[in-house]
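Following our numbering, the numbering of the sequence shown begins with 61 at its first residue and continues without gaps. First up is the structure itself, then whatever we jot down about it.
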Amino acid sequence: MVGEITAIGFPSFIRNALGAVLVILVNNLIGKYVIDEPDIYISIFGVVNRLLMFLLMPGFGLVQGLQPIVGYNFGAKLHQRLYDVIAYTKKLMLIYFIGAMTISLLFAKQLFLLFSEEQNEIFMTAGPMALRWVSLGFVLISFQIILSSVYQAMGYPVRAFLVAMSRQFILFIPLVFLFTYLWGVQGIWFTFMASDLIAGFLSYIVFRYEMKDLKKKIPLDTNLAN
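Next up, the structure:
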């Protein structure tokens with residue numbers, strides 16, 4: 061029982077732990093590629109990171125509410141209800157993240173001012189631009205978050221782990237080294253966008269496959285009920 065609980069909760073633990081690792085990695089890369097005033101870019105990353113956490117929080121709240129419903133219906137083999145609740149959550153997540161992306165693109169400077177009173181010209185120019193680049197990945201990130209959470213709720217820890225790692229580890233680390241080599245500190249913001257878009261697109265493909273497979277099981281439930 062303890063092993064099963066640990067296995068199911070492990071992806072969330074790793075996701076949170078990797079967040080700290082990525083902060084250290086990005087700060088070191090900023091120190092390497094920014095010769096003049098690296099502290100300003102470290103501050104920019106700090107604000108972008110806080111804004112990301114703030115903007116992602118409602119999405120994670122939605123899937124945390126989804127997980128017990130998925131777990132119950134999956135265990136009870138109520139595939140119609142399972143399909144409906146996942147599809148409905150997907151719509152909510154897409155609407156929210158498209159809205160979050162739009163707000164970030166249009167009001168990046170205002171959002172930055174909420175978290176810092178820094179009036180440095182570089183900070184107020186490069187910071188909002190960094191947020192805009194990062195937020196472009198929001199359009200597909202909902203599929204990655206839903207897929208990882210659904211796998212976790214269904215008791216598939218390995219699948220949940222791989223989906224969670226795709227964005228924060230498997231894609232991010234090689235891309236951030238490549239992009240910073242090509243574009244310097246700007247490559248960091250491109251990495252966030254690219255890893256979110258690639259992981260989101262791959263998750264979308266798997267998500268569609270899983271939903272089609274789930275839909276095939278619905279007539280079987282009807283036949284068994286009759």
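Quick reminder that beta carbons are idealized off the backbone N, C-alpha and C, glycines included.
Query raised in the report: Near K232, what residues of its chain come up, given a Cβ to Cβ distance below 7 angstroms and the 5 sequence neighbours on each side ignored?
Result: The residue labelled residue 232 in the question sits at position 172 within the sequence shown. Rather than Lys, the amino acid found at residue 232 in this sequence is Phe. The residues are L82, T251, S255.
Report task. Output yes or no for whether 9 angstroms exceeds the beta carbon distance between A168 and R192. Result -> Working through the sequence shown from its first residue, we reach residue 168 at position 108. Working through the sequence shown from its first residue, we reach residue 192 at position 132. Cβ distance < 9 angstroms, so A168 and R192 count as in contact.
Report task. Kindly list the residues whose CB is nearer than 6 angstroms to the CB of G260, restricted to its own chain and excluding five residues on each side of it in sequence; keep chain order. Result -> On the sequence shown, residue 260 is found 200 positions in, with the first residue counted as 1. Closer than 6 angstroms at the Cβ level, and outside the excluded window around G260, lie L200, I201, F203, Q204.
Query - Contact belief for V223 with Y211 at Cβ below 8 angstroms, rounded distance in angstroms - result: Position 163 of the sequence shown, counting from 1, holds the residue named residue 223. Position 151 of the sequence shown, counting from 1, holds the residue named residue 211. The pair is a contact, with the Cβ atoms about 6 angstroms apart (cut-off 8 angstroms).
Report task. Would you tell me roughly how many angstroms separate the C-alpha atoms of M117 and Q124, rounded to the nearest one? Result -> Along the sequence shown, one-based indexing puts residue 117 at 57. Along the sequence shown, one-based indexing puts residue 124 at 64. Their Cα atoms are separated by approximately 10 angstroms.
Query - Beta-carbon gap between G121 and M214 smaller than 9 angstroms - result: Numbered from its first residue, the sequence shown carries residue 121 at position 61. Numbered from its first residue, the sequence shown carries residue 214 at position 154. No. Outside cutoff.
Query raised in the report: With C-beta atoms as the reference, is I104 less than 9 angstroms away from A186?
Result: If you number the sequence shown from 1, residue 104 lands on position 44. If you number the sequence shown from 1, residue 186 lands on position 126. Going by C-beta atoms, I104 is nearer than 9 angstroms to A186.
Query raised in the report: Going by the beta-carbon positions, is the gap between S263 and S226 smaller than 9 angstroms?
Result: Translated into the one-based positions of the sequence shown, residue 263 becomes position 203. Translated into the one-based positions of the sequence shown, residue 226 becomes position 166. It is a contact, given that the beta carbons lie within the stated cut-off.
Query raised in the report: Where does E97 fall in DSSP's three states?
Result: Position 37 of the sequence shown, counted from the start, is the residue given in the question as residue 97. Of the three classes helix, strand and coil, the one that applies to E97 here is coil, per DSSP.
Query raised in the report: Using the beta-carbon count (16 or more within 10 Å), is P188 buried or exposed?
Result: Locating residue 188 in the sequence shown gives position 128, where the first residue counts as 1. P188 comes out buried.
Report task. Note down the Cα distance separating Q228 from M153, rounded to an integer number of angstroms. Result -> Position 168 of the sequence shown, counting from 1, holds the residue named residue 228. Position 93 of the sequence shown, counting from 1, holds the residue named residue 153. Answer to the nearest angstrom: the Cα atoms are 19 angstroms apart.
Requested in this report: Look at the alpha carbon of V266 and the alpha carbon of F157, and state the distance between them as a whole number of angstroms.
Outcome: Taking the first residue of the sequence shown as position 1, residue 266 is located at position 206. Taking the first residue of the sequence shown as position 1, residue 157 is located at position 97. Cα to Cα, V266 sits roughly 19 angstroms from F157.
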